[in-house]
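In the working numbering, the protein residues as written are 198 to 272.
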């Protein structure tokens, strides 16, 4: 089994929110390399430019190791 196949199998075994986190992290890594998306490479849940930006910010926070806010922290 190739590393790509192993990663895909592991990703498929995750719940959807965790799959999205993995996707966001990969996008974050791409953004650090200056990868530009074309129209046929839309993000998994691209609903708006704001949503895309917020997901990238979240991925940056997760990658930095900083904890995300809890609901009580938001309130």
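Don't be surprised by glycine CBs; every beta carbon is placed ideally from N, CA and C.
- Between residue 208 and residue 216, the gap from beta carbon to beta carbon is short of 7 Å.
- Annotation: residue 210 to residue 199 spans about 17 Å, alpha carbon to alpha carbon.
- In the DSSP assignment, residue 227 falls within the unbroken alpha helix (DSSP H) covering 213-230.
- For residue 263, the secondary structure class from DSSP, reduced to helix, strand or coil, is coil.
- Under the DSSP assignment, residue 270 falls in the alpha helix (DSSP H) whose first and last residues are 268-271.
- Remark: C-beta atoms of residue 225 and residue 201 do not approach each other more closely than 7 Å.
- In the structure shown, the three-state DSSP call for residue 210 is coil.
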